[in-house]
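Chains as they are written, first to last, in full-length UniProt numbering: chain A, 1 to 153; chain B, 1 to 153. Think of the CB as a built atom: it goes at the ideal place given N, C-alpha and C, for glycine as much as any other residue. Some notes on the structure that comes next.
2 protein chains.
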Amino acid sequence: MTTEHGDTAEAYSLLLDDQLCFALYAASRAVTARYRPLLDELGLTYPQYLVMLVLWDRDSVSVRDIGTALQLESSTLSPLIKRLETAGLVLRQRRADDERSVTVSLTDEGRSLRNRARCVPTAIGDAMGLTPQQHEAAKDILRLLTTNVSRVG
Amino acid sequence: MTTEHGDTAEAYSLLLDDQLCFALYAASRAVTARYRPLLDELGLTYPQYLVMLVLWDRDSVSVRDIGTALQLESSTLSPLIKRLETAGLVLRQRRADDERSVTVSLTDEGRSLRNRARCVPTAIGDAMGLTPQQHEAAKDILRLLTTNVSRVG
DNA sequence: GGCTAATAAGTTGCGCGCGACTTAATCGAG
DNA sequence: CTCGATTAAGTCGCGCGCAACTTATTAGCC
């Protein structure tokens, strides 16, 4: 614990460089920036890419389940998915047995984009330059952090 | 290495849950969400809070240096700082010896907000629920990640 | 069956975050 | 000194991300 600038002793300082939250914020933006040129070639933004990851795994998912997987609100997803539909990657249709729900499914074009996306995780993984141990450790601690911070109270 | 869904062997899969980048994205948004009610009381957004952290440390900084500290473009900072000025927390003035540069400095109101913000890092730190070792490990690995991912090539 | 509560998706408003661009001032090679 | 290059700040457009709200549908209690 290095206290600086004459701060009285507190658990955490108000210095930017001391803060984990800033390291997190900066890392997240830096990684997204690294994705950008790769995803530009696929015609996707990073959040759109995340939605496509869900669809490439399950082929047909409700908006609600996409929201659960990505922890995003319908107010974010609805316009985003409409843009994917406009791009011809995705189809939206009301479910017959529950007219409230909308099922999002891949078009052939959306499915075939998967092949062009295969190299993306490897390219990003390489750019991250972490050892397999560091990579797993980072995932573990970020998931723990997300769980803890999302608790009520 | 667990390969799933009949994927051919690749260094990284296209599964959402395997990806460090998503853990990072989710953690960053979860932490920001945790800040929101605390910062609402101060009348700040999270990026505005980051700018205030820089100012609380240095009192008077150029837009350029704020950008360097936070890794943000002037196109993001200029409107943000104008909002801080409108809120009465900050003053903007052209530097006499270099009319290109704008110096941002704290008003008395901006300075006094620091006291009300003192409890914020501790509250967030507690909510994160990491051991001091995990906290430091997370900072270290996120900084390494940011450095690596920001490299050219 | 009827009616209230809950749920799913979507709209609106606002603040980022960034690429592309503009404006204005300073730098620096010749 | 001059003039093209660089630098600092700012504008504009667009896609998130989320709070607050609306609309439509279903669930469930009586």
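Considering only the beta carbon of each residue, do residue i and residue j sit closer than 9 Å?
i	j	result
ARG92(A)	THR76(A)	no
SER89(B)	LEU113(B)	Looking at the sequence shown, residue 89(B) is not Ser but Leu. Yes.
residue 167(A)	THR68(A)	Because residue 167(A) is not part of the residues shown, which for chain A are 1 to 153, the question remains open.
ALA123(A)	ASN148(B)	no
THR107(A)	ALA30(B)	no
ARG95(A)	GLN48(A)	no
SER28(A)	SER150(B)	no
ARG143(A)	SER101(A)	no
TYR12(A)	GLY125(B)	yes
LEU50(A)	GLY110(A)	no
LEU16(B)	LEU70(A)	yes
LEU39(B)	VAL120(B)	yes
LEU20(A)	LEU130(B)	yes
ILE141(B)	ILE141(A)	yes
ALA23(A)	ALA138(B)	yes
SER60(B)	SER105(B)	yes
ARG118(A)	GLU41(A)	no
My output table needs one value for residue i: the three-state DSSP class, helix, strand or coil.
i	result
ALA131(B)	What sits at residue 131(B) in the sequence shown is Thr, not Ala. THR131(B): coil per DSSP, three-state reduction.
ARG92(A)	strand
ASP98(A)	strand
LEU145(A)	helix
TYR25(A)	helix
ALA87(A)	coil
THR45(B)	coil
TYR12(A)	coil
VAL152(B)	coil
THR2(A)	Low per-residue confidence applies at THR2(A): pLDDT is 43, beneath 50, and the placement is therefore not dependable enough to give any value.
GLU73(A)	coil
ARG118(B)	coil
ASP18(B)	helix
ASP7(A)	Low local confidence applies: a pLDDT of 46 at ASP7(A) is under 50, so the model's placement there is unreliable, with the coordinate-based value given in what follows. Here ASP7(A) sits in coil by DSSP.
ALA137(B)	helix
Give me the DSSP bridge partner(s) of residue i.
i	result
THR103(A)	SER62(A), GLN93(A)
Practice task
Give the residues from the region 80-98 of chain B that approach chain A closer than 7 Å (Cβ to any Cβ), ordered along the chain.
Solution key: Under the 7 Å Cβ criterion, the region 80-98 of chain B contributes no residue.
Exercise for the section: Using a Cβ-Cβ cut-off of less than 7 Å, give me the residues of the region 120-134 of chain A that come near chain B, in sequence order. Expected result: Taking a C-beta cut-off of 7 Å against chain B, the contacting residues of the region 120-134 of chain A are PRO121, THR122, ILE124, GLY125, ALA127, MET128, GLY129, LEU130, GLN134, listed in chain order.
Handout entry: Under 7 Å (Cβ pairs) to chain B, residues found in the region 60-77 of chain A
Key = Residues ALA69, GLN71.
Exercise for the section: Pull out every residue of the region 46-60 of chain A whose Cβ sits closer than 7 Å to any Cβ of chain B, in chain order. Expected result: Listed by position, the residues of the region 46-60 of chain A near chain B (Cβ gap below 7 Å) are LEU50, LEU53, VAL54, TRP56, ASP57.
Handout entry: Interfacial residues, the region 134-153 of chain A to chain B, with Cβ spacing under 8 Å
Key = From the region 134-153 of chain A, only GLN134, HIS135, ALA137, ALA138, LYS139, ILE141, LEU142, ARG143, LEU144, LEU145, THR146, ASN148, VAL149, SER150, ARG151 have a Cβ closer than 8 Å to chain B.
Problem - Residues in the region 19-36 of chain B having any Cβ partner in chain A nearer than 9 Å - result: Across the region 19-36 of chain B, CB contacts with chain A closer than 9 Å involve GLN19, LEU20, CYS21, PHE22, ALA23, LEU24, TYR25, ALA26, ALA27, SER28, ARG29, ALA30, VAL31, THR32, ALA33, ARG34, TYR35, in sequence order along the chain.
Problem - Contacting positions in the region 98-120 of chain A - beta carbon closer than 9 Å to chain B - result: Within the region 98-120 of chain A, the residues whose Cβ lies closer than 9 Å to some Cβ of chain B are ARG114, ALA117, ARG118, CYS119, VAL120, listed in chain order.
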